[in-house]
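K.L.:
Here you go, one structure.
Structure follows, in structure tokens:
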């Protein structure tokens, strides 16, 4: 996909950052429909009894043929429960693993991973990113990804022999904005290389270079924000079943209230 980006690229670190476009959707009005909200709904306490209703409905249907009981309203609950069950299946198999694994940064920190693990998760997230172009650009905007030429001498000694742009490099967007699908260890540290235009950037994760955890936290939320918007069609499908489930649940509630009120006022 092109030759190596030259080491003597004319752009300075400041120019490279200035040329990076602003986020495309810094605050979407649809953020309440991201994957983290879908997962939160799928964990509501009502999901367990919903699956029970789905399992018991065939038995109730057989009993209704022998015992004079009404299952009309039970069918509304059954379809509502089935919608919740479908939502759970969509979340289990289509929601990004990063969002399923970590509800927030505190959840990530509580698992006690090494400082390198988050870079691995970024590598995996790039494969299913909602917008790789914007994700890589955000790394530059937040000063996590920096031009290789701007490293200190000590960092260049640790992260020496930077790779050339490989034949299988992944370019995204209209310009040359891509990354090498490989992580490069340097002792206990690790880095990811990516390009913007003709400038080679490096995202280093260092054990001693982030004492307050700022870089880890920023990187976590960059990945989280992108993954929460990933797979929009499956996410929209999950919300369709969620709204359907609540609609049917509401109709079942109204039907029950009407029956009770009708019997109390008119006596059946």
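Residue numbers (the working numbering): 1451 to 1718. Beta carbons are placed, not taken as given, at the ideal position from N, Cα and C, and that holds for glycine.
#1: Rounded to whole angstroms, what is the Cα-Cα separation between residue 1552 and residue 1671?
#2: Between the segment 1674-1694 and the segment 1534-1553, can you find at least three pairs of beta-carbon atoms closer than 8 Å?
#3: Could you give the DSSP three-state label for residue 1646: helix, strand or coil?
#4: In the DSSP assignment, what are the bridge partners of residue 1655?
#5: Whole angstroms are fine: how far does the CA of residue 1555 sit from the CA of residue 1493?
#6: Considering Cα atoms alone, identify which of 1644, 1585, 1608, 1665 is closest to residue 1637.
#7: By a C-beta neighbour count over all protein chains shown, 10 Å radius and 16 as the cutoff for buried, is residue 1588 buried or exposed?
#8: Check for me: the alpha helix (DSSP H) holding residue 1606 runs from which residue to which?
#9: Considering residue 1670, what are the terminal residues of the alpha helix (DSSP H) in which it resides?
#10: For residue 1627, name the three-state secondary structure that DSSP assigns.
#11: Given residue 1568, which residues of its chain have a CB within under 8 Å of its CB, disregarding the five upstream and five downstream residues?
#12: In the structure shown, what three-state DSSP assignment does residue 1588 receive?
#13: Tell me the DSSP bridge mates of residue 1597?
#14: Counting only runs of 4+ residues fully inside the segment 1524-1556, write out the alpha helix (DSSP H) ranges in chain order.
#15: What residues in its chain sit with their C-beta under 6 Å from that of residue 1611, if we drop five residues either side in the sequence?
#16: Buried or exposed: which applies to residue 1704, given that a residue is buried once 16 or more other Cβ atoms fall within 10 Å of its Cβ?
#17: Does DSSP classify residue 1613 as helix, strand or coil?
#18: For residue 1494, name the three-state secondary structure that DSSP assigns.
#19: Excluding the 5 residues preceding and the 5 following residue 1595 in the sequence, name in chain order all residues of the same chain whose CB lies nearer than 6 Å to its CB.
#20: Take residue 1699 as the anchor and find which of 1484, 1630, 1528 has the nearest alpha-carbon.
#21: In whole angstroms, give me the CA-to-CA distance for residue 1628 and residue 1676.
#22: Short of 7 Å in beta carbon distance, which residues of its chain neighbour residue 1702, apart from the five on each side in sequence? Order them along the chain.
#23: Residue 1489 to residue 1550, Cα distance in whole Å?
#24: Shortest alpha-carbon distance to residue 1577 belongs to which of 1640, 1648, 1632?
#25: Would you mind working out which of 1585, 1646, 1657, 1591 sits nearest residue 1678, comparing C-alpha positions?
P.N.:
Checking against the coordinates, here is how it stands:
#1: 11 Å
#2: yes
#3: strand
#4: 1640
#5: 19 Å
#6: 1608
#7: buried
#8: 1603-1608
#9: 1664-1678
#10: strand
#11: 1558, 1655, 1666, 1669, 1670, 1673
#12: helix
#13: 1651
#14: 1547-1551
#15: none
#16: exposed
#17: coil
#18: coil
#19: 1589, 1651, 1653
#20: 1528
#21: 16 Å
#22: 1523, 1526, 1527, 1530
#23: 7 Å
#24: 1632
#25: 1585
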